[in-house]
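Peer 1:
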Amino acid sequence: MHIKILGFNLFQKGGTSRSNLNLLRALKEANHTVTYINYVPFRKRHVEHLKKTAVREIEGVNFESFHNVKSLTACDVLILTREDFFKYAREVKRQAPTIQILGEIHAPLAYINPSFDLALEAIDAVRVSTPDIAKAFASRFEYPYVFPMYVNTDHIVFQPQPSPNTKALMMKARFEDAIKDISYALKLMHFIVYTKGHHDVELHIQGYGPSLELYEQLITYYQLERQVFLNGDIPKHAIYISTSPYETLGYSILEAIGDGNQACIYPGDDAVLTSIYQPFHAVHFLNKQLEHDYQVIMATIQETYMDTMRNEDFHYFNQQFQYEDYSDTLLRQLAEKADQHVITPHLIEKTRVELPFYYSRYVVKHSLKKALNRLPDSFKRVLNKKSRLYQYMRRGIFAVEKQVKQRRQQRIHPSRSHVFIESFHGKNFSGDPKAIALEIQRQYPDKVIYVSAANEYVDIEIRQFDMHPVRFGSREYIHAFERAQFAVINGNLWDRLLKHPKQTVIQTWHGMPLKRMVNDLMDPVERQQQSEAFLPRMLKWDVLLSCSERYEALISSAFNLSQHLSLNIWREGAPRNSMLIRHQEDEHKRHEIEEKYVGIATPEKRYILFCPTWRKSQRQNVSELDLKTLVHLLPDNYEVIVKLHPNEGHLYTTYRNMDSRIHCFMNEWVDIQELYLICDALITDYSSALFDYAHLNRPIIVLDEDTQDYHQTVGFYFELDEMVSVKQCTANAEAIADYILKHKSVDHSAIIRKFMALDHEVSDKNIVNHMFSDK
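Per this note's numbering, residue 5 is the first one in the sequence shown, and the count goes up by one each step.
Written out as structure tokens, the structure is:
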């Protein structure tokens, strides 16, 4: 029998590559003719290199690159090893009806979009990992021709002896945090090492992928350079850690168990790994709660994995994962399902199959490279990015792009089921857009919420809320915006986004303005430049949120709202402050937030929030205030949290390393509304933070440092003297410490009445009701 297998890239490491190698070997040992079609272009040297480590698996196998559907015909059985290859089944069936086609689902079902075209009407059968997945797949896609069967595990040699107790932990995974969540493992290590004090626990991580730089930076951020090691030698005896949100088997877990090691694993959001690994004595389950997972890992470190347990695990492994004849079992189940699944080839819809992206990119890239190398140096200089020709070409490309988007827009219908959220142009996930997103999620859990993210750190925060991060400026970002009927933002839309007539852009802005903005700036040149750039962006808004008459008047002046006659103003208050009003006396919420930022909730702790605004001039300290002196003038249970402006992130390490009682967190992970709730006093300068914080009726101290200079260059809308409940003082640590200790609460009701009268504990709920009402 001639069997063809279409795989993505056999020459890169990973679980799917390992399973494909095992499958090749099993089919060859059963005397089948095997051809492996590699989707990604390769060269002979790749095959020669693979032979060094997998000669038994690939000996006698034919290798081809995938060019088009013809590559997949002229065989008896075709195995498609990725669900995004299933689309080729239609044309294969039309050209060669007798070929039996097996589709393999290696990805978790959660990662398969329900609207994704699987071409199941042309696929004879589908193989998945477990009976539970098979049942879920059959129900979800109304496709009964699915059977459960684990991937081939013949490469695993089960060692008879259990590993001795060890404090070494290990992970082997692709460095792609959205899929493997290694960032959680690093956070857990920080908790084990610094919160719990176990400096002798080590974590060894091996892998490759786009998140390598992220993990290197997180190791530095968590100060784990002496405890966490990337791509070094892994100890023979180590406890395996898996934190992936979804797995269908987890090859590395099974390999670690085979080597005699224990494993601490997260069962997955769908709990698939529970049924697979629950019977193993060697396996213990995490739940992604730091305290619980710490206890699980420490118990695994301390408890002995006994010989009797190992013997029982050996019997379960052989019973569950070893097949007497893997290839025969696989092909027999395919044949049985194919007999049940009657496919009529001429009734299969004819669809256009595009040239493979990887192959076309490979050809175009190398063709262009050769062409450019032949160009004279003088012409290469003309194409320099700074040249006038380059800039002219760039503008031309953007003009064409706009026309393409306009044509595509005619085919797109924004959906009420999709929402686009952006806070501070994706620099973090906070403020009003976050509050609205969370309320949508509470009221409408089935809606798909896309959240703009500038980098992987913001991705991590967004995923904590089970929302979908999209990289700012990417193709996915543009498509997410185009699909959504509602876009909620607190800045301006990216200029390259083309708004659909049926879309609604809700502008929340990001706080009560204290400093003059745009049309109200003191400098006439800067005022002119900013107002001209701002107007076309403002005209894209459909709705503006308001928290008071005073706010509305200031914003109208600053943004020249009189030019936007169709703008709707929703006078429902600021949704970001609903949480402050609801939870200001909620000790459980305070502890929850405290655990997020400092790792452990300590009821007697008191925090002071230092929140300076940004200056355009570069500086090495954000204030003249000596925070180290201040914190040591306060009782031992007081600590300071520094919230830097995103534009002054370069000062992060300065404050983080200043003192053990001074904290400074990564801006991408900070929601300042959460910090307000856990902090007992606020120190700021002329930041609009003081307005939101006033809801809590706690001490607010405003530093009077360069106020006069700022007043003359930028200007204020009003004097701080209008807010009598706010304490103004110089950067005198003794005076500030004395004020904090003498004032546990302050009545800020006059500020609220004047500036935020519309803020309410259900502002977020009312706004979401407004969005999705049928009116």
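Ideal Cβ placement from N, Cα and C applies to all residues, glycine included.
Fair warning: this is a prediction, and the values are worked out from it, not measured in the lab.
#1: Name the one or two DSSP bridge partners that residue 79 has.
#2: Which two residues bound the contiguous beta strand (DSSP E) that contains residue 529?
#3: By how many angstroms is the C-alpha of residue 591 removed from the C-alpha of residue 434?
#4: Output the residue ranges of the beta strand (DSSP E) runs that lie fully inside the segment 424-458 and measure 3 residues or longer, sorted by chain position.
#5: So, at 7 Å on beta carbons, what are the nonlocal neighbours of residue 277 in its own chain, with the 5 sequence-adjacent residues on each side left out?
#6: Helix, strand or coil for residue 790, going by three-state DSSP, please let me know.
#7: Just how far apart, CA to CA, sit residue 4 and residue 642?
#8: Starting from the Cα of residue 219, find the closest Cα among 249, 241 and 175 and give me that residue.
#9: How far does the beta strand (DSSP E) with residue 37 in it reach, from first residue to last?
#10: Span of the alpha helix (DSSP H) holding residue 201?
#11: So the beta strand (DSSP E) residue 8 belongs to, where does it begin and stop?
#12: In the structure shown, what three-state DSSP assignment does residue 107 receive?
#13: Taking residue 258 as the reference, which of 322, 221, 310 and 775 has the closest Cα?
#14: Would you please state the rounded distance, in angstroms, between the beta carbons of residue 614 and residue 645? I believe it to be under 8 Å.
#15: Which two residues bound the contiguous alpha helix (DSSP H) that contains residue 642?
#16: Is residue 321 near the ligand HEM, with its Cβ less than 8 Å from a heavy atom?
#17: In angstroms, rounded to a whole number, what distance separates the CA positions of residue 181 and residue 215?
#18: On the CB-based measure, 16 or more other CB atoms within 10 Å of its CB, does residue 303 come out buried or exposed?
#19: Would you kindly report the start and end of the unbroken beta strand (DSSP E) that includes residue 332?
#20: Do residue 27 and residue 150 have their beta-carbon atoms positioned less than 9 Å apart in this structure?
#21: Between which residues of its own chain and residue 623 is the CB-CB distance below 6 Å, once the five residues before and five after are set aside?
#22: Flag this pair as yes or no: are the beta carbons of residue 565 and residue 699 separated by less than 9 Å?
#23: For residue 623, name the three-state secondary structure that DSSP assigns.
#24: In chain order, what residues of the same chain have a beta carbon less than 6 Å from the beta carbon of residue 678, not counting five sequence neighbours either side?
#25: Check whether the segment 731-742 touches the segment 754-768, taking contact to mean three or more Cβ pairs, one atom from each stretch, closer than 8 Å.
#26: How many whole angstroms separate the CB atoms of residue 116 and residue 82, which I take to be in contact at a CB cut-off of 8 Å?
#27: Whose C-alpha, out of 733, 100 and 660, is nearest the C-alpha of residue 350?
#28: Taking DSSP as the reference, what is the three-state secondary structure of residue 161?
#29: Give the secondary structure of residue 216 by DSSP, where H, G and I count as helix, E and B as strand, and everything else as coil.
#30: State the DSSP-derived secondary structure class of residue 684, mapped to helix, strand or coil.
#31: Given 8 Å as the limit, is there contact between the segment 469-486 and the segment 183-196, that is, 3 or more CB pairs closer than that?
#32: In whole angstroms, what is the alpha-carbon distance linking residue 724 and residue 690?
#33: My assumption, with CB atoms under 8 Å, is that residue 444 sits in contact with residue 457. Please give the rounded CB distance.
#34: Helix, strand or coil for residue 174? Go by DSSP, reduced to three states.
#35: Inspect the beta-carbon positions of residue 109 and residue 96 and report whether they are closer than 9 Å.
Peer 2: So, from the listed chains and residues:
#1: None, per the DSSP bridge assignment.
#2: Counting along the chain, residue 529 falls outside any beta strand (DSSP E), though it belongs to the alpha helix (DSSP H) covering 528-542.
#3: 21 Å
#4: 452-457
#5: 251, 254, 269 and 271
#6: The requested residue 790 does not occur in the structure, where the chain is confined to residues 5 to 779.
#7: Look at the range of the chain in this structure, 5 to 779, and you will see that residue 4 is not part of it.
#8: 175
#9: 37-42
#10: Where residue 201 is concerned, there is no enclosing alpha helix (DSSP H), given that its DSSP letter is neither H nor E.
#11: 6-11
#12: strand
#13: 322
#14: 7 Å
#15: Careful: residue 642 lies outside any alpha helix (DSSP H), inside the beta strand (DSSP E) at 642-646.
#16: In terms of ligand content, the structure shown is empty, and the ligand HEM therefore cannot be addressed.
#17: 6 Å
#18: exposed
#19: Note, residue 332: premise wrong, no beta strand (DSSP E); alpha helix (DSSP H) at 330-344.
#20: no
#21: With a pLDDT of only 49 at residue 623, under 50, the local geometry of the prediction cannot be trusted, and the value read off the model is given with reservation. Within the same chain, residue 623 has no close Cβ partners at all.
#22: no
#23: With a pLDDT of only 49 at residue 623, under the threshold of 50, the placement of this residue in the model should not be trusted, and no figure is reported.
#24: 597
#25: no
#26: With a Cβ gap of about 20 Å, residue 116 and residue 82 do not count as contacting.
#27: 100
#28: coil
#29: helix
#30: strand
#31: no
#32: 9 Å
#33: Contact doesn't hold; Cβ gap of about 18 Å is too wide.
#34: strand
#35: no
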